Amino acid sequence: MLNFLVLQFSFRASRYTSLCFELTPDLETTDCGHRVDSNIVSLGQNVVLSESGEIQPPQGRPIQERWTLGQSATSITDHNEREYARVASYMMPIRDAIMCDLDETSLTLWQTLTAILRLNNIKTVQDLSGTPKEQVYSNDGIHQHLTNDGPDYNAMMKYLEESELELKCLAFINFDFTNPEGANHCEIHGLAQGSGLVIP
1 MLNFLVLQFS FRASRYTSLC FELTPDLETT DCGHRVDSNI VSLGQNVVLS ESGEIQPPQG
61 RPIQERWTLG QSATSITDHN EREYARVASY MMPIRDAIMC DLDETSLTLW QTLTAILRLN
121 NIKTVQDLSG TPKEQVYSND GIHQHLTNDG PDYNAMMKYL EESELELKCL AFINFDFTNP
181 EGANHCEIHG LAQGSGLVIP
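Per the working numbering, the sequence shown starts with residue 1, numbered consecutively.
What follows is the structure in C-alpha cells.
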C-alpha cells in the first residue's frame, strides 16, 4: 500500500491562495487512478469531474486522485474549459501509468503516452544537479528512475504536477498562473502562455 505526497493548490478565482500537503493512500487498489474511457475523448465534448461528479472549472491546481473525464451534454465553447478537459485527457492516463500501473507500463508505452509532452518541449531535458527539490527528471528519466530505483513519491509528483501545469501554460489564455510568492511558472520556464498545444 503506497502513500504519496500530493501537492494540492486551492484557488480563489484563478490565483493560488494556499499550499498544503495531503496524504493519499491505497494507490494499488483496483480503483486507483482516473481510468478515462478513451472512446469518449473528443475535443469540446468533455468535462473534468471530481470524485463526487462535480464539473471542475479550469484551474492551475493539479488533477486530483479519482477525478475523471466525463461527457458534456452540450458542446464546450469556452476556450479554457475546452483546453482544461483536453489537458486532462492526456495527463490522466499519464498519471495512471506512473502512479498505478508502473509494472505494466513499458518504456515504449510510456513514450507513447508522454508524446504530448515531448512534442511541446516539456520535460525533454533531465537535470539531477542540486537538491532533490531542485532536480528535474525528463519523461524517459522519471520512468527509468521509478522502474529501476523504486518509489520516489516527491520526484513522481513533482514531475506530474509540473508537466500538467506546463501544458496548461501553453493551452490556457487570459489565465493568471502567479503563485503566492509572486512567481509565474510559465514565465520562469520560458513558456509562451496561450500559444497552443502541438497535438500528437
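Just so it is clear, CB atoms sit at the ideal spot from N, CA and C, and this is done for glycine as well. The model shown is predicted, which means the values in this text are computed figures rather than measured ones.
| message | Does Asn120 come out as helix, strand or coil in the three-state DSSP assignment? | response | Position 120 of the sequence shown, counted from the first residue, corresponds to residue 120. If DSSP states are grouped into helix, strand and coil, Asn120 belongs with coil.
| Secondary structure of Ile98, DSSP reduced to three states | Within the sequence shown, the letter at position 98 stands for residue 98. Helix, per DSSP.
| field | Delimiting residues of the beta strand (DSSP E) encompassing Leu69 | value | Counting from 1 along the sequence shown, the entry for residue 69 is found at position 69. For Leu69, the uninterrupted beta strand (DSSP E) segment begins and ends at 68 to 71.
| What separation, rounded to the nearest whole angstrom, lies between the Cα atoms of Gln126 and Asn80? | Here residue 126 is taken as the residue at index 126 of the sequence shown, counted from 1. Here residue 80 is taken as the residue at index 80 of the sequence shown, counted from 1. Between Gln126 and Asn80, the C-alpha separation is close to 30 angstroms.
| query | What do you reckon, are the CB atoms on Ile116 and Pro200 nearer than 7 angstroms? | reply | In the sequence shown, counting from the first residue as 1, residue 116 sits at position 116. In the sequence shown, counting from the first residue as 1, residue 200 sits at position 200. Their beta carbons are under 7 angstroms apart, which means Ile116 touches Pro200 by this criterion.
| message | Quick check on this structure: which residue in Leu102, Trp67, Ile98, Ala97 has the alpha carbon closest to the alpha carbon of Ala85? | response | Walking along the sequence shown from the start, residue 85 turns up at place 85. That would be Trp67, whose Cα lies nearest to the Cα of Ala85.
| field | Rounded separation between Ser38 and Ser72 - CA only | value | Here residue 38 refers to the residue found at position 38 of the sequence shown. Here residue 72 refers to the residue found at position 72 of the sequence shown. Cα to Cα, the separation comes out at about 15 angstroms.
| Can you tell which of Asn179, Leu167, Pro180, Gly182 has the C-alpha that lies nearest to the C-alpha of Ala192? | Numbered from 1 along the sequence shown, position 192 holds the residue referred to as residue 192. Considering only alpha carbons, the answer is Leu167.
| said: Which residue marks the beginning of the beta strand (DSSP E) containing Leu49, and which one marks its end? | reply: Here residue 49 refers to the residue found at position 49 of the sequence shown. Note, Leu49: beta strand (DSSP E), 46 to 49.
| task | Counting only the same chain and skipping the five closest in sequence on each side, list residues whose C-beta sits under 6 angstroms from that of Val41. | result | Position 41 of the sequence shown, counted from the first residue, corresponds to residue 41. Ser89.
| said: Taking DSSP's pairing of strands, which residues face Asp127 in a bridge? | reply: By 1-based counting over the sequence shown, the position of residue 127 is 127. DSSP links Asp127 through a beta bridge to Val136.
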